[in-house]
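*Asks:*
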Amino acid sequence: MDSQVKPVFAPNSIYLDYAATTAVDRRVLDAMYGIMAQGHTGNAHARHHVYGAAAHRSVEAARQQVAEAIGADPSEIFFTSGATEANNLAIKGIAAHLKAEGRMHLVTSAVEHASVLEPLHELEAQGFELTVLAVKPCGMIEADMIERAIRFDTGLVCVQAVNNEVGVIQPIEEIAVMLKGRGILFQCDAAQALGKKNFNVSPCADDSSLGPDFVSLSSHKVYGPQGIGALYVRAEKKHVLTAVNRGGGQESGLRSGTLPTALCVGFGKACSLLEDDIRHIRSLRWAFLNRLSWLNPTVYGHSHVDWNVPGILNIRFEGIETETLIMALPDLAFGVGAACSSGGAKLSHVVRATTGSEQAARESMRISFGRFTTHQEILRAADLLVEAVEEIREVQGVA
Ligand code: PMP
């Protein structure tokens, strides 16, 4: 696609790590260039002069684009540095409110991102009680599994919209319906849902008041720049949130710090370009899995096509450790565990939670593709993988 800027440093490699991050779309880059290279040096918070006023207008237009992408009002969008910060703000920012209400019980799933689990454990250390629910073998958590865990003092439920490692789609609408009228706050990490499936903050067609109260978003998963994201806060729930970052009182006091105008503009532009890539990505998935089928890999999370985003495949070739595949496949840039767990050596808690097996986590690889992946690339990737697996099996004597 010509909306991609091609990397020059790795001409032979095939990028299969879209769930970790995506290349910036050329059109996004152009929009950002317009801000950064054309004298727009204003601080969006210095609206009294022409530079600041221009930056402010650009940021507000971007806020509108982000809001539109998820069916929100612009006043409900608060820019952050990414989904990690958004998750931290939502979870830590409601601790004081929950304490005051005497709602000291929190519920989440075992397959959440570390930027949800870690802040929840931090609250646990402060006296909250945390229930981390096991998931079904496909990675899914169902509304009734959460309902059984809820108590009179439950204050918060955190469930992601799409899992970043196995691609499973969680039933956000059913959870929202189940939580109705219980006075429990609902936080949803939608970093991997935006652009991969329709995501609306009010998923119930017949009741727009239902849906997550807080939603975390990340720009670099949707062909926008790294270092920017947003927290959606449902208008009626804004009062329960307290700032974590304090300072100049930007973003209505919820997130102090000068907004990066060009990054906001890039994120907004990326949100306006969430055209339907799904059909393209679905056909890539079938092509890839067809080529691999006779090798008989285990594909995690993919028990039903409607329960998964098509661009994330978590695959295991039993008996072959991921490390071996990394060495055998220098031209394939695929994922291992969660990209955000720095150091890379950490075993995937998601594959462990879905399979109950350490060995499965040691042998799993994440293949994720997107807007710029071509059929030619996906078929070459599959061929390289088939070749590598056959060779390794031959050496292991199991061919
Ligand atoms: N949540 C999920 C589900 C993710 O996949 C990621 C990124 N791997 C994050 C949160 C963190 O996002 P960011 O990089 O924008 O902080």
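Residues in the sequence shown are numbered consecutively from 279, following the working numbering. Think of the CB as a built atom: it goes at the ideal place given N, C-alpha and C, for glycine as much as any other residue.
If you drop the 5 nearest sequence neighbours on each side, which residues of the same chain put their C-beta closer than 6 Å to that of Val493?
*Replies:* Stepping through the sequence shown from its first residue, residue 493 is reached at position 215. Same-chain partners within the cutoff: Cys466, Ala468, Val479 and Tyr510.
*Asks:* Per DSSP, which residues does Ala611 bridge with? Please list them.
*Replies:* In the sequence shown, the residue the question calls residue 611 occupies position 333. Tyr293.
*Asks:* Check whether the segment 594–613 and the segment 450–467 are in contact - that is, three or more C-beta pairs closer than 8 Å.
*Replies:* With the cut-off at 8 Å, the segment 594–613 and the segment 450–467 do not touch.
*Asks:* Taking 8 Å as the threshold (C-beta atoms), are Thr600 and Val614 in contact?
*Replies:* Taking the sequence shown and counting its residues from 1, the one referred to as residue 614 is at position 336. Taking the sequence shown and counting its residues from 1, the one referred to as residue 600 is at position 322. Yes, they are a contact pair.
*Asks:* Within the segment 328–367, note down every full alpha helix (DSSP H) run reaching 4 residues or more, in order along the chain.
*Replies:* 328–348, all fully within the segment 328–367.
*Asks:* For Glu669, collect the residues of the same chain with a Cβ closer than 8 Å to its Cβ; drop the 5 residues on either side in sequence, then sort them by chain order.
*Replies:* Here residue 669 is taken as the residue at index 391 of the sequence shown, counted from 1. The answer, listed in chain order, is Ala606.
*Asks:* Between which two residues does the alpha helix (DSSP H) containing Asp661 stretch?
*Replies:* Within the sequence shown, numbered from 1, the residue matching residue 661 stands at position 383. Note, Asp661: alpha helix (DSSP H), His653 to Gln674.
*Asks:* Would you mind sorting Asn290 into buried or exposed? The rule is 16 or more other CB atoms within 10 Å of its CB.
*Replies:* Here residue 290 is taken as the residue at index 12 of the sequence shown, counted from 1. By the 10 Å Cβ count, Asn290 comes out exposed.
*Asks:* If you draw a straight line from the alpha carbon of Ala333 to that of Gly320, how long is it in whole angstroms?
*Replies:* Along the sequence shown, one-based indexing puts residue 333 at 55. Along the sequence shown, one-based indexing puts residue 320 at 42. If you take the alpha carbons of Ala333 and Gly320, they lie about 6 Å apart.
*Asks:* List, from N- to C-terminal side, the beta strand (DSSP E) runs of 3 residues or more that fit wholly inside the segment 495–532.
*Replies:* You should have 507–511.
*Asks:* Just to confirm before moving on: does the CB-CB distance between Asn574 and Val444 stay below 8 Å?
*Replies:* Counting from one through the sequence shown, the residue named residue 574 turns up at place 296. Counting from one through the sequence shown, the residue named residue 444 turns up at place 166. Not a contact, by the Cβ cut-off of 8 Å.
*Asks:* Curious, which full-length beta strand (DSSP E) runs of at least 3 residues does the segment 447–500 contain?
*Replies:* The segment 447–500 contains these whole beta strand (DSSP E) runs: 463–467 and 492–496.
*Asks:* Please list the terminal residues of the continuous alpha helix (DSSP H) segment that includes Gly312.
*Replies:* Counted from its first residue, the sequence shown places residue 312 at position 34. Unbroken alpha helix (DSSP H) run through Gly312: Arg304 to Met314.
*Asks:* Secondary structure at Asn568, three-state DSSP: helix, strand or coil?
*Replies:* For the purposes of this step, residue 568 is taken as the residue at position 290 of the sequence shown. Residue state, collapsed to three classes: helix.
*Asks:* Could you give the residue range of the beta strand (DSSP E) that holds Met382?
*Replies:* Locating residue 382 in the sequence shown gives position 104, where the first residue counts as 1. That residue, Met382, is in no beta strand (DSSP E); it is neither H nor E in DSSP.
*Asks:* Pull the bridge partners of Val413 from the DSSP assignment, please.
*Replies:* Position 135 of the sequence shown holds residue 413. Its beta-bridge partners do not exist; DSSP assigns none.
*Asks:* Which of the three DSSP states, helix, strand or coil, is assigned to Gln282?
*Replies:* Mapped onto the sequence shown, residue 282 falls at position 4. Strand at Gln282.
*Asks:* Measuring CA to CA, which of Gln654, Leu663, Gly675 and Gly648 is closest to Thr300?
*Replies:* Residue numbering aside, residue 300 sits at position 22 when the sequence shown is read from its first letter. Residue Gly648 is the option with its Cα nearest to Thr300.
*Asks:* Pull up the distance between the alpha-carbon of Cys549 and that of His318, whole angstroms please.
*Replies:* Residue mapping note: residue 549 aligns to position 271 of the sequence shown, counting from 1. Residue mapping note: residue 318 aligns to position 40 of the sequence shown, counting from 1. Cys549 and His318: Cα-Cα distance of roughly 22 Å.
*Asks:* Kindly examine the ligand PMP and report whether one of its heavy atoms sits closer than 7 Å to the Cβ of His627.
*Replies:* Taking the sequence shown and counting its residues from 1, one reaches residue 627 at position 349. False, no ligand heavy atom lies under 7 Å from that Cβ.
*Asks:* Helix, strand or coil: how does DSSP classify Glu407 here?
*Replies:* Along the sequence shown, one-based indexing puts residue 407 at 129. Correct three-state label for Glu407: strand.
*Asks:* Met418 by DSSP, collapsed to three states: which one?
*Replies:* To locate residue 418, count along the sequence shown from 1; it is residue 140. Reduced to three states, the DSSP call for Met418 is coil.
*Asks:* Please list, in chain order, all residues of the same chain as Ile656 whose beta carbon is under 7 Å from its beta carbon, the five residues on each side excluded.
*Replies:* Counting from 1 along the sequence shown, the entry for residue 656 is found at position 378. For Ile656, where only same-chain residues beyond five positions count, the Cβ hits under 7 Å are Leu562, Ala565, Phe566 and Phe647.
*Asks:* Give me whichever residues DSSP pairs with Ile645 in a beta bridge.
*Replies:* For the purposes of this step, residue 645 is taken as residue 367 along the sequence shown, with counting starting at 1. DSSP, once it has assigned bridges, lists Leu591 as partnering Ile645.
*Asks:* DSSP beta-bridge partners for Val440?
*Replies:* If you number the sequence shown from 1, residue 440 lands on position 162. Ile447.
*Asks:* Going by the DSSP bridge assignment, what does Thr576 pair with across the sheet?
*Replies:* To locate residue 576, count along the sequence shown from 1; it is residue 298. Answer by DSSP bridge pairing, in chain order: Arg594.
*Asks:* Under the assumption that Leu457 contacts Val435 (Cβ atoms under 8 Å), give the Cβ distance between them as a whole number of angstroms.
*Replies:* Position 179 of the sequence shown, counted from the first residue, corresponds to residue 457. Position 157 of the sequence shown, counted from the first residue, corresponds to residue 435. About 6 Å separates the two Cβ atoms, so the contact holds.
*Asks:* Once you ignore the five residues that flank Glu338 on each side, which residues in its own chain have a CB closer than 8 Å to its CB?
*Replies:* The residue given as residue 338 occupies position 60 in the sequence shown. Cβ neighbours of Glu338 beyond the five flanking positions: Pro352.
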